[in-house]
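Please read the structure below before turning to the comments.
Residue numbers (full-length UniProt numbering): 1 to 1104.
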């Protein structure tokens, strides 16, 4: 039998004296274990994970202050604990120690001499830690029995091979592993022995499909050494340079030849729970060692048990501890001490450091403290302390005032003398006019005193011996990349012994930029630094200095990066760096290089620093369920997810669905500001959730955020993205309850579900908004009993995270800026007339169909679109123009219809049998806005007077219209005259002289666009691309309605041609199109009214 008929199999463990100990026998599992993590309510901040747990404590066993308890001194506040369940799929679990592995002995088939193909399916907890760790191998260091080794280093998949068992060659992937949020991914490495090429791949599981990870690397063609080493997954025996993997293995494959014969295939999901050995599908025997186990154990909570409140009856027979475990965020939330500046944190990490004065002391300080034991404070006079807070890598620094001095004694190194290096950050705002001392270094070497002096466009470095004799003189200009003056710089003076000479270098480096270097040498000994001092000559007032450091090294670069607060560092890189520095495990899901670039790291508490990274990238920072640490989901891992769970409304165990349609998370006016920089604003001005007053919108919901971004350029897209999230118009389902004891089949999916994953609801009843509904999980509360298990998922709409993908058949389609139904439609009409009110028209490319659109809540599938007004004139008609290709009848007015209107040879023509009298052809068109194209030419070159033709719009009648009148002159020039007729009065509203030369029979193409009060036109050769600019673009409101669209031709009174023709071809009206659709795709059956908005069901949204 299985759960819920059998108990769930909950396991409770505590780290007693540093050793994980099973205390399930003391856990009162009859009491519900409640576990919360992530956001506990929609829109709230991420709370520390918590887990309530009641323990039986016989004789005060779990009383930390009870000296009679055998656990006395072994448990206490923040004792690590975890709660697990025995559920889901079995797999090989390795705890991350140097003994846990599964092996199969060496065999002839396993000594693949030629091309090699190795695949492994893993779910690890030490992704993103920065550690190098093993995956699998046939490799023993002892006895030089190396064949191959597959491992991860700095986030890159690497394959190492040996040709002789001793030496090896390795190549890593050229892209980092895109770690999934769940930590599960299949990895594959191949070596082609004939070409020497190494390739790496990833896949969702070992079954594929495989995607190459970067590009192929080429080494040398070779034969892999045939070793006696076993094939191993997990910790590799005798390999100590790498950490062992921690987590789960689902499968392993080894092939002879790329895609070739399988020689080893361990499917750990097919083995019996608790098995210590098994035979794989090719007959190899595998043996487990150390803590490796075939298990279904899955951790649901990992935290610290910080609360030990005892409860007992009057007789003391039943003593209980009703406490609560908490995730690491609880402890981090309580830390209030700001992290020191990046320079203050970084410089002491250098093992060669002899003396260091941060000079970040407060404004009332009279000396500069050193954090190093045995280093005396720096003596200072006439400094304005804590006056300059502009250095990104530092807290406020002191500024030199008139008469300032400093003196800092440097203790002797533990052994030896040089080399030595003196370095500091500084800014000299303006070079002094006369030579002035910047600083001096006193040593025990031949040169007892080094001086650095400056003046306008000049930097001088001199050294003197005990007798005052000058040993060298560097006389340099101030440089330009950077200049010694006027910017945040570092100055570095270092010396080293080289035989009987001392080599001396000085460099000044701009923070975040390049540097200027000068070198010299002299005969003597380098000695050690005794003192750094300065009396700051005249003109040095206003100089900022700080972080004076003395090293027993030359050219150490410990300040690099830290000097500008790691400006430009990616969010993921900063998270990982801070995690290493502070000893807080952080697993990063996603590709580090795609996360947002950060501004400088300023002093702040650790949790605030980590949250700054998540906010800048718009990702999710939560606690790691598998261990006491954090998990960061990069923003890109939230895009376009395939739902991990699909639930029908009628699915067993699904609780009542209660959609909410309120303004709790509406934000339609968002300002994003860069810390210390500029800001940008995004406002939604149209639509249901716009800032317009109801009923056109919801009114203004404004907010502002400050983000630690790298550049001001990032603020505009961030403001737009946050507004996009805050104006997603969809009913919300804040909580989804699932009773797993009523639907145990869902347990494997729930075990892998983490914050940021998506789920889908389908088959919703008619009284709920139509589905499917995609939701993103922000957190959850689960209640684990003996035979019950339910989970409440806190959700937000996942729709806003569906972003554009170029070339994708669904996500690669951009919506129009506005479209409406031109005419009403019954509930069964499959042909809809649609007008685009703003922006480009809908595509008519057959390769782009089908796609779904929404009209009045009804989802329809568009299978074809065609322009409603179009005519290629591929017919023969006399006495009119007949019927357009789109089905409308052409009307004719002016001249003699029987002789002056013809269609033939693929063109339509106005025959101008009389001069100075217009011919007009029209199609019925009742929409004021129009965008019409037509090609035209003349049958002959104009003589005596010009010939005219072109499109007309807002054509009410012969005396009220707009028209583009193209003039073909007797000199073969082509002129544009944008005109209007209002109540019989005709006038020009804009003209343009083109550079085109007319030839009879050569077509030009004309476009006339009228939208609101904008009237514009352009003309170009029909054989050439359309120019982007309008030739005439004016504002006019004289004609506001329409009955027709069409063409108009006329000849000048002086024209002497005999019955010339103005010929037309390829007329097209853009913004009215006919859609062929399949109705009621989402189950909504209804008639649709004219004017109802139509839009893409899944419009492409630009990613942040």
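For each residue, glycine too, the CB sits at the ideal point set by N, CA and C.
As the structure is a prediction and not an experimental result, all values here were calculated from the model.
How big is the Cα-Cα spacing for residue i and residue j?
i	j	result
residue 776	residue 796	5 angstroms
residue 426	residue 612	28 angstroms
residue 1051	residue 912	7 angstroms
residue 298	residue 33	15 angstroms
residue 479	residue 346	28 angstroms
residue 50	residue 321	16 angstroms
residue 554	residue 353	11 angstroms
residue 168	residue 518	42 angstroms
residue 758	residue 644	6 angstroms
residue 403	residue 307	59 angstroms
residue 735	residue 720	27 angstroms
residue 772	residue 601	43 angstroms
residue 876	residue 837	35 angstroms
residue 207	residue 121	9 angstroms
residue 802	residue 178	19 angstroms
residue 699	residue 573	40 angstroms
residue 562	residue 261	52 angstroms
residue 424	residue 357	9 angstroms
residue 1105	residue 606	This structure gives no information on residue 1105, because the portion of the chain shown stretches from 1 to 1104.
residue 752	residue 182	6 angstroms
residue 988	residue 964	10 angstroms
Going by the beta-carbon positions, is the gap between residue i and residue j smaller than 8 angstroms?
i	j	result
residue 405	residue 498	no
residue 539	residue 436	yes
residue 110	residue 254	yes
residue 1097	residue 761	no
residue 474	residue 493	no
residue 502	residue 476	no
residue 245	residue 141	no
residue 741	residue 781	no
residue 250	residue 123	yes
residue 171	residue 247	no
residue 263	residue 112	yes
residue 194	residue 226	no
residue 296	residue 86	yes
residue 704	residue 671	yes
residue 968	residue 974	yes
residue 635	residue 617	yes
Just checking my contact of residue i with residue j at CB under 8 angstroms: how many whole Å lie between their CB atoms?
i	j	result
residue 860	residue 1077	4 angstroms
residue 575	residue 632	5 angstroms
residue 1003	residue 936	6 angstroms
residue 1045	residue 1069	6 angstroms
residue 286	residue 104	5 angstroms
Buried or exposed: residue i, going by 16 or more other Cβ atoms within 10 Å of its Cβ?
i	result
residue 1018	buried
residue 77	exposed
residue 215	exposed
residue 25	exposed
residue 470	exposed
residue 1106	The requested residue 1106 is not part of the displayed model; the chain covers only 1 to 1104.
residue 813	buried
residue 858	buried
residue 830	exposed
residue 101	buried
residue 694	exposed
residue 642	exposed
residue 90	buried
residue 360	buried
residue 7	exposed
- Message: Runs of 3 residues minimum, wholly inside the stretch 148-203: which ones carry the beta strand (DSSP E) assignment?
- Response: Secondary structure remark: continuous beta strand (DSSP E) runs of at least 3 residues inside the stretch 148-203, in chain order: 156-161, 169-172, 184-192 and 197-203.
- Residue ranges of each beta strand (DSSP E) within the stretch 694-738, 3 or longer: 702-707
- Message: At 3 residues or longer, what runs of the beta strand (DSSP E) sit wholly inside the stretch 208-279?
- Response: Whole beta strand (DSSP E) segments, 3+ residues: 231-234, 247-256, 261-267 and 277-279.
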